[in-house]
Each structure stands twice: as C-alpha cells, then as structure tokens.
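Asks: Here it is, the structure, as structure tokens.
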Amino acid sequence: MRKALAAILWLSSATFLWPASAQAMSADEVMQKNFFASKPRMLSKQVTMTLINDRGETRLRKISALTSLQTNGIDSNMLVRFLEPADIKGTSFLQIEHSEADDDQWIYLPALRKSRRLVSSNRKDSFIGSDFAYGDVLPPKVSLYQNKLTGEETVEGLPCYVVESVPANDQVKADYGYSRKTTWVAKDSFHEVKTVYYDVTGRLLKTQIVRDIVLVDPEAQRWAPKYKEMVNHQTNHKTVVRADSYTTDVKISADTYTTRSLERD
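Once you know that position 198 of the sequence shown is 198 in the UniProt record's numbering, the rest is easy, because the numbers rise by one and skip nothing.
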C-alpha cells in the first residue's frame, strides 16, 4: 500500500513539474503563435501577383508592400501599392490593426482620386480582383474563431498542427464569409502552411498553400513566405503571389500609414 501511495504521489508531482514545452498545446495557443509568426517588426517586399483564370490565361501585377509592428508589439500596419500594369497602377491599400477594436482598412483608386474606407462587411470581398479576400491579408484575431486541435499531419514536407476553426458568432461569419476553416500550422515556425476555407453554406470554397517560409526577423522569430497561392474551387480561378525581394531595413516617416500617404502617386 505504501509503495502504491508513493507511486501515485510521484506521478502527481511529475505531472505538476512537467515543463510547459513538453505538454500538449491547445488550439488557441497554436493559433496565437500563428498570429504573431508572420508579424516581423518591419518588412518591405517587392511582389509579383499572377491571376490565373479557368482557361489558364494569366495576368501579372507588380506590387510593393510595407508592413511594420506598432509600438504595442501586437498590431501591424500595412501599406500595399500596385505598380504594374498601367490599368491598376497607383491603386493602394492601407490596413491599421487594432487589438481592441475593428481594424481600419482603406482603398485608394486613382480614377476616383480619393480614398474609401472599407467597412467590416467588405472583409469577404475580393482583394483587388484576386482570390484573396481583404480579411485574408493579415491573420484575424484569435478571439474571432472557436478553435479545436484535431491532429497532426505533414504538409509540404513540414510537420504541422491541424486546427479546425469556426466563427465565434454570426457577425464574424457574415463579415469574413467563412462557415469554418482548417489550418495546418508548421510546428517549427508556427506559420500557416495550408488553409482550407468553406463558404457560409458549408461548401468548399478556397485552399491556400504557402511555401518557402523564411526567417526574416531572427531576434523576434518572425517569418515570411516567398510563395503563396489561393485556389477558388467554385470559380476555378487561382492567384499566385511570389516575393521577388524583401528587406527589413526601411525608413518609415510619421505619415507613412495615413490616407495622405495612400493617395500619393
């Protein structure tokens, strides 16, 4: 009896003292790490976006993108400018995240010569004609979804956690246009490797694949992919985004993330 009691006490003590890193992570912990994984303190990229229709015809777009963390170390600012072709040159997008409120999103269309503020219902809309939605540009807040860890799989050669997410309420579902999504999160970087999206009726809508994830901010352990693709299964349309170059050494002025800067040609 004394031996059995001692064994029980030892097991209880070992469980209590077991390091957190060795315990199973919860789905929210995985997604919280995923939320920060793609948030370098500063990153400037030159990007080629390729739009591919259901007949295999392509359209190329050249883009510059600048993102940086705010002083709270949580929220990011992002400024995207379209450089080519001529019919879209000058179109720009600005997003300012807010941890405790809705993000600010602005779109500038040269033909209108003014910026237009996007509302929450615009998050499900196509991002400048691509298969990405405005709500896909930066990772959503973890609290917007109820997350469940469903297993572990290897995707694109990377061991991943598999997380099923459903909107926390009907408003989130309506704003983002997804009834649920499944995300494969790499165990080493915590960057998403694959995400499958389902529309509000539960039908398969889109699949995103991410490749060539590189460490761009070693001190903060932040990552960025060189390749992304989003396939819309309902339209047979695909968008491929390739990072042609990037740098973390950028000077940012006080008015960089403003509508005044957004409207600057």
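Each residue gets a CB set at the ideal place from its N, CA and C atoms; glycine is no exception.
Does the beta-carbon of lysine 114 have 16 or more other beta-carbons within 10 angstroms, so that it is buried, or is it exposed?
Replies: With fewer than 16 other Cβ atoms within 10 Å, it is exposed.
Asks: Apart from the five residues on each side of it in sequence, which residues of its chain come closer than 7 Å, Cβ to Cβ, to tyrosine 257?
Replies: The residues are Asn77, Leu79, Leu94 and Ile96.
Asks: Is the beta carbon of glutamate 153 closer than 8 Å to that of tryptophan 184?
Replies: Contact flag set, yes.
Asks: Buried or exposed for asparagine 169, please, with buried defined as at least 16 other CB atoms from any protein chain shown within 10 angstroms of its CB.
Replies: The residue is exposed, with fewer than 16 neighbouring Cβ atoms inside 10 Å.
Asks: Alpha carbon to alpha carbon, what distance is there between lysine 39 and serine 141?
Replies: The sequence given here places lysine at residue 141; serine does not occur at that position. When rounded, the distance between both Cα atoms is 13 Å.
Asks: Between the alpha carbons of serine 92 and proline 85, how many angstroms are there, rounded?
Replies: About 13 Å.
Asks: Determine which residues share a DSSP beta bridge with proline 225 and list them.
Replies: Looking at the DSSP assignment, proline 225 forms a beta bridge with Ile213.
Asks: So lysine 124 and aspartate 175 are in contact, right, with Cβ under 8 Å, and what is the actual spacing, rounded?
Replies: Yes, lysine 124 and aspartate 175 are in contact; Cβ-Cβ is about 7 Å, under 8 Å.
Asks: What number of angstroms, rounded off, separates the C-alpha of isoleucine 199 from the C-alpha of alanine 65?
Replies: As written in the sequence, residue 199 is aspartate, which differs from the isoleucine given in the question. Distance between the alpha carbons of aspartate 199 and alanine 65: 28 Å.
Asks: Output the distance between the C-alpha atoms of valine 47 and serine 26, rounded to the nearest integer angstrom.
Replies: When rounded, the distance between both Cα atoms is 34 Å.
Asks: For threonine 67, count neighbouring C-beta atoms within 10 Å of its own C-beta (all shown protein chains included) and say buried if the count is 16 or more, exposed if not.
Replies: The residue in question, threonine 67, is buried, as its Cβ has 16 or more Cβ neighbours within 10 Å.
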